[in-house]
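Its first residue numbered 65, the sequence shown is counted upward by one per residue in the working numbering.
What follows is a single structure, written as structure tokens, with notes after it.
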Amino acid sequence: MRYSCYVDEYKNEQGRICARLRDKELNKKVSFTGNNVDKNHLLRFLSQAKISQEIMPSIFERDGDDIVAVRGELAIENEDEIVVNIDVEFGGYIFE
């Protein structure tokens, strides 16, 4: 499956700015599972959205043209979250 996502910035309990992916259609948080999940890689990837905002000006907007494409198999979906298993051929996430 392919999910079109945007980067959602929010403040955590300590007041620090954090980032996560949200599905553009359902506005649910998107997270990952699988052996190929690397939290540090994801954090570096999300930080590139801020650095590259001139190239992708709408990556932080749900209705924007810029997207993060997430590919993988649906592992879990509930009312707040979509969990994607990226341990599949061509699984992962990329700016498009």
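Backbone N, C-alpha and C fix where the C-beta goes; we use that ideal spot for every residue, glycine too.
Rounded C-alpha distance that separates residue i from residue j
i: histidine 105; j: arginine 135; result: 16 Å
i: leucine 138; j: lysine 75; result: 27 Å
i: isoleucine 81; j: leucine 107; result: 12 Å
i: isoleucine 123; j: tyrosine 70; result: 5 Å
i: asparagine 100; j: aspartate 130; result: 25 Å
i: alanine 83; j: glycine 155; result: 21 Å
i: glutamate 118; j: glycine 128; result: 14 Å
i: asparagine 142; j: aspartate 72; result: 19 Å
i: aspartate 77; j: aspartate 102; result: Rather than aspartate, the amino acid found at residue 77 in this sequence is glutamate. Their Cα atoms are separated by approximately 23 Å.
i: isoleucine 115; j: glycine 79; result: 21 Å
Contact check, residue i vs residue j, beta carbons under 8 Å
i: glutamate 160; j: serine 95; result: no
i: lysine 88; j: serine 68; result: yes
i: arginine 86; j: alanine 133; result: no
Own chain, CB closer than 6 Å to residue i, minus 5 neighbours either side, in chain order
i: glycine 164; result: Nothing can be reported for residue 164, as the shown portion of the chain is limited to 65 through 160.
i: valine 147; result: Ser95, Thr97, Ala139, Ile140
Spatial neighbours of residue i in its chain, beta-carbon cut-off 8 Å, leaving aside the 5 residues before and after
i: phenylalanine 109; result: Tyr157
i: proline 121; result: Gly128, Asp130
Cβ shell of residue i (< 7 Å), same chain only, five flanking positions each side left out
i: glutamate 125; result: Tyr70
Within the stretch 95–146, note down every full alpha helix (DSSP H) run reaching 4 residues or more, in order along the chain.
Qualifying alpha helix (DSSP H) stretches, in chain order: 103–115.
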